[in-house]
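The sequence shown maps to residues 15 to 625 in our numbering.
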Amino acid sequence: MSYSSLESCLLDLEKQSELIRIKEEICPQGELAEIQRRVYSNQGPALLFERVKGSSFRVATNVYGTAKRSEYIFRDSIESLEHLIRLKIDPMSFLTQPVKSLKAIGLGLHSYPKKISSSDLINHECKISDLPQIKSWPNDGGAFVTLPQVISFPPSSIQLSLSNIGMYRIQLSGNNYLQDQEIGLHYQLHRGIGIHQSMYQKTEAPFRISIGIGGPPSHALASIFPLPEGMSEILFTGLLGKRRYRYYWHNNFFVPADVDFCITGVVDKNNLKPEGPFGDHLGYYSLTHNFPVVLVDHVFHKKNAIFHATVVGRPPQEDSSFGYLIHQITKEIGKTEFPGIREIHAVDVAGVHPLLLAIGSERYMPFRNQKPEEILIQANHLLGKGQTSLAKYLWISSNVDNSDLSTHDVNSFFDYILQRIDWRYDIHFQTQTTIDTLDYSGEGWNSGSKAIIACHRPIQRKLLKEIPSDLFLSQQAIIAFALKQPGILLLQIDSFLNYTNTKFQINELGTLINKKYHNQIPLIVIVDDVDFCMRDYSNFLWVCFTRSNPSHDIHGIEEFINNKHWGCPNTLIIDARVKSHHAPELNVDPEVSKRVDSIIFNNSELKKLCQ
Numbered sequence: 015m016s017y018s019s020l021e022s023c024l025l026d027l028e029k030q031s032e033l034i035r036i037k038e039e040i041c042p043q044g045e046l047a048e049i050q051r052r053v054y055s056n057q058g059p060a061l062l063f064e065r066v067k068g069s070s071f072r073v074a075t076n077v078y079g080t081a082k083r084s085e086y087i088f089r090d091s092i093e094s095l096e097h098l099i100r101l102k103i104d105p106m107s108f109l110t111q112p113v114k115s116l117k118a119i120g121l122g123l124h125s126y127p128k129k130i131s132s133s134d135l136i137n138h139e140c141k142i143s144d145l146p147q148i149k150s151w152p153n154d155g156g157a158f159v160t161l162p163q164v165i166s167f168p169p170s171s172i173q174l175s176l177s178n179i180g181m182y183r184i185q186l187s188g189n190n191y192l193q194d195q196e197i198g199l200h201y202q203l204h205r206g207i208g209i210h211q212s213m214y215q216k217t218e219a220p221f222r223i224s225i226g227i228g229g230p231p232s233h234a235l236a237s238i239f240p241l242p243e244g245m246s247e248i249l250f251t252g253l254l255g256k257r258r259y260r261y262y263w264h265n266n267f268f269v270p271a272d273v274d275f276c277i278t279g280v281v282d283k284n285n286l287k288p289e290g291p292f293g294d295h296l297g298y299y300s301l302t303h304n305f306p307v308v309l310v311d312h313v314f315h316k317k318n319a320i321f322h323a324t325v326v327g328r329p330p331q332e333d334s335s336f337g338y339l340i341h342q343i344t345k346e347i348g349k350t351e352f353p354g355i356r357e358i359h360a361v362d363v364a365g366v367h368p369l370l371l372a373i374g375s376e377r378y379m380p381f382r383n384q385k386p387e388e389i390l391i392q393a394n395h396l397l398g399k400g401q402t403s404l405a406k407y408l409w410i411s412s413n414v415d416n417s418d419l420s421t422h423d424v425n426s427f428f429d430y431i432l433q434r435i436d437w438r439y440d441i442h443f444q445t446q447t448t449i450d451t452l453d454y455s456g457e458g459w460n461s462g463s464k465a466i467i468a469c470h471r472p473i474q475r476k477l478l479k480e481i482p483s484d485l486f487l488s489q490q491a492i493i494a495f496a497l498k499q500p501g502i503l504l505l506q507i508d509s510f511l512n513y514t515n516t517k518f519q520i521n522e523l524g525t526l527i528n529k530k531y532h533n534q535i536p537l538i539v540i541v542d543d544v545d546f547c548m549r550d551y552s553n554f555l556w557v558c559f560t561r562s563n564p565s566h567d568i569h570g571i572e573e574f575i576n577n578k579h580w581g582c583p584n585t586l587i588i589d590a591r592v593k594s595h596h597a598p599e600l601n602v603d604p605e606v607s608k609r610v611d612s613i614i615f616n617n618s619e620l621k622k623l624c625q
């Protein structure tokens, strides 16, 4: 089904009992976000807030809140896009499925944008302060647009194929922005808009951008899709939505005709202002940093416009469905993008970028003893391309003796690797490098390290399955301990003070654990709260991989350096305690939580859903 607007999608979801209308007045400063979080955690429907305090506009959230609903929204395009990708990889497959192939090729007709002469959109205007001022977390620096479509062009060009559309968060208020005149533009490294800005900095031309909000669901998904270099999001939006992308030009600004709101403005090339903090998708605040300022030109909106928003926070959240849809559509092309890679999984509950799992192939020198060779080439390919380049920990293995191995069964994947890994040779570091802008585990902003754990060996050990009474020669300094799974020991010891102190603690730890068990415990993770990590596997993954910087926080019992290669004989230690330079964890304001309790109690639909 092709949706012409956000409202047409919501009405369709309502017919499927996949939408709740909330008629009570809801405060956008915390309440709206907390209601969505609770509905999302119960795998509930999309939400349409009809009365938002301080604004005359309705707000839609949780539209993509479940994989099932997301598949339903794009039901007519996912299969055709998958087949279109297969045709690109193997044109001869056209002969085996001609009807499906012709349908897929017909989908391509929707990729051609449609320039129109006028639209109702520019007939209605408001101010930035008239928009719903949604603040999701207590310490957010102000109100944000969380599902924007930021559209830019290179200097002296209006060629659609050269445009970039990205989902770069927009700060509407707070800090020292001039109300209704300035807004903040945040983007991370490796983003297309950054290339455009670099080009504009060398010219006298004004850097005009447009920010779409709402519109057909395909507009939001295309904005976040990791497209191949050179492919326009405008063309891809038409493919996703089975509807040509409608646009026009107004006073030299590009205006996407189908969106609910369009903010036009000029990036101030000579001015940066503090942006943030913002509760982000790793589960922590991204802190205040200087980012570009947009000088607001106009804020256009449709009649009866709907403000499309989401809540970002510790995963899983609504944006997890974007990752699911991207995987569904691109799983075939991934095999050609990364030759030899059989499966990839960016682990959502670990914050996506901190932990990447992969199954590769070892086809070189089959007569030699098993050791990682080709999979190291594949690992470097993954860390050198697109979104996978943001990975901090990459665990990659062959599956020569287990064809059922899957990266999506994380527990079993770790079990497989830990039985076979040889820490003397199989861990490789990239130090003093850039990492995800949102990851504060490194000692500097955008600065940290990466680790490749590459496994292609026969079984080396049996993993410890129960804690023996003589595991510790002394329990001095050990506050709590538990086996998370065979071979992974969680330890709670003294609080982190500094890295010099940590080195001493690790050396002490090596003397406290009985040597006869070292080989059976290939991984120790030091945490602040063992009980929290034992409560849920996602808690363990989140703590372990968001709170550690490989170069500083990986240690080994009897570690050594040999010709600049680091290794250890048996037991690797990851220090996943909170450090003083880490960003604060996201927590709900208790007063907001109480108010939302009352709202849910008095709304029969929400009460039934969230009880």
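Where is the CB? At the ideal position from N, CA and C, for every residue including glycine.
N- and C-terminal bounds of the beta strand (DSSP E) containing residue i
{"i": "Gly-279", "result": "275 to 289"}
{"i": "Glu-38", "result": "33 to 40"}
{"i": "Ser-411", "result": "407 to 411"}
{"i": "Ser-131", "result": "Looking at the DSSP string, Ser-131 is not in any beta strand (DSSP E), and its letter there is neither H nor E."}
Endpoints, the alpha helix (DSSP H) within which residue i is located
{"i": "Tyr-430", "result": "424 to 434"}
{"i": "Gly-524", "result": "513 to 526"}
{"i": "His-341", "result": "334 to 344"}
{"i": "Trp-556", "result": "551 to 560"}
{"i": "Ala-81", "result": "81 to 87"}
{"i": "Asn-304", "result": "It is not in any alpha helix (DSSP H) - Asn-304 instead sits in the beta strand (DSSP E) that spans 303 to 315."}
{"i": "Glu-28", "result": "20 to 29"}
{"i": "His-596", "result": "Careful: His-596 lies outside any alpha helix (DSSP H) and carries neither H nor E."}
{"i": "Phe-615", "result": "604 to 615"}
{"i": "Cys-469", "result": "Note, Cys-469: premise wrong, no alpha helix (DSSP H); beta strand (DSSP E) at 461 to 469."}
{"i": "Asn-394", "result": "388 to 396"}
{"i": "Lys-498", "result": "Run containing Lys-498: none in the alpha helix (DSSP H); it sits in the beta strand (DSSP E), 492 to 499."}
{"i": "Asp-589", "result": "First-last for Asp-589: 586 to 589, but that is the beta strand (DSSP E), not the alpha helix (DSSP H)."}
Inter-residue spacing [alpha-carbon to alpha-carbon] between residue i and residue j
{"i": "Lys-114", "j": "Ser-91", "result": "At Lys-114, the pLDDT of 47 sits below 50, so the modelled position is not reliable and the matter cannot be decided from this model."}
{"i": "Tyr-259", "j": "Ala-236", "result": "11 Å"}
{"i": "Ile-507", "j": "Ser-334", "result": "34 Å"}
{"i": "Arg-434", "j": "Lys-385", "result": "10 Å"}
{"i": "Ile-248", "j": "Ser-177", "result": "8 Å"}
{"i": "Lys-67", "j": "Gln-185", "result": "19 Å"}
{"i": "Thr-324", "j": "His-210", "result": "27 Å"}
{"i": "Leu-396", "j": "Tyr-201", "result": "22 Å"}
{"i": "Leu-301", "j": "Tyr-439", "result": "37 Å"}
{"i": "Pro-482", "j": "Asn-425", "result": "22 Å"}
{"i": "Leu-419", "j": "Ile-165", "result": "41 Å"}
{"i": "Asn-617", "j": "Asn-76", "result": "18 Å"}
{"i": "Leu-1", "j": "Val-539", "result": "There is simply no residue 1 to check, as the chain begins at 15 and stops at 625 in what is shown."}
{"i": "Asn-553", "j": "Asp-423", "result": "16 Å"}
{"i": "Phe-275", "j": "Phe-268", "result": "13 Å"}
{"i": "His-579", "j": "His-442", "result": "8 Å"}
{"i": "Leu-296", "j": "Asp-154", "result": "15 Å"}
{"i": "Asn-515", "j": "Gly-570", "result": "15 Å"}
{"i": "His-97", "j": "Gly-198", "result": "Residue placement at His-97 is poorly supported in this model, since its pLDDT is 48, which falls under 50; the coordinates still yield a value, given next. So the alpha carbons of these two residues sit roughly 40 Å apart."}
{"i": "Leu-27", "j": "Lys-608", "result": "30 Å"}
{"i": "Pro-286", "j": "Pro-306", "result": "At residue 286 the sequence reads Leu, which differs from the Pro that was named. The alpha-carbon atoms of Leu-286 and Pro-306 are separated by roughly 5 Å."}
{"i": "Cys-469", "j": "Tyr-430", "result": "9 Å"}
{"i": "Pro-604", "j": "Leu-24", "result": "31 Å"}
{"i": "Glu-45", "j": "Val-159", "result": "16 Å"}
{"i": "Asp-343", "j": "Pro-59", "result": "Here the sequence assigns Ile to residue 343, which means Asp is not the residue at that position. Rounded to the nearest angstrom, the two C-alpha atoms are 23 Å apart."}
{"i": "Asn-265", "j": "Ser-70", "result": "27 Å"}
Beta-carbon spacing of residue i, residue j below 9 Å
{"i": "Ile-575", "j": "Leu-537", "result": "no"}
{"i": "Asn-190", "j": "Pro-288", "result": "yes"}
{"i": "Asp-144", "j": "Lys-317", "result": "no"}
{"i": "Arg-72", "j": "Glu-39", "result": "no"}
{"i": "Phe-495", "j": "Ala-364", "result": "no"}
{"i": "Ile-535", "j": "Gly-501", "result": "yes"}
{"i": "Lys-464", "j": "Pro-564", "result": "yes"}
{"i": "Asp-294", "j": "Val-326", "result": "yes"}
Beta-carbon contacts of residue i that lie in its chain and below 7 Å, excluding the five residues immediately before and after
{"i": "Glu-21", "result": "Ile-320"}
{"i": "Asn-533", "result": "Arg-475 and Asn-584"}
{"i": "Ile-493", "result": "Gln-506 and Ile-507"}
Residues near residue i in its chain [Cβ-Cβ closer than 8 Å; skip 5 each side]
{"i": "Pro-270", "result": "Gln-163, Ile-165, Ser-224, Gly-226, Gly-229, His-233, Tyr-259, Arg-260, Tyr-261 and Cys-276"}
{"i": "Ile-614", "result": "Ile-49, Arg-52, Leu-620, Lys-621 and Cys-624"}
{"i": "Ser-375", "result": "Gly-354, Ile-355, Arg-356, Glu-388, Ile-389, Gln-392 and Ser-412"}
Same chain, Cβ closer than 6 Å to residue i, five either side skipped, listed in chain order
{"i": "Leu-339", "result": "Ser-84"}
Run through the region 205 to 279 for me and flag every whole beta strand (DSSP E) of 3 or more residues, listed as ranges in chain order. 221 to 227, 260 to 264 and 267 to 270
Just list the beta strand (DSSP E) runs in the region 50 to 74, keeping only unbroken ones of 3 residues or longer that don't cross its boundaries, in chain order. 60 to 66
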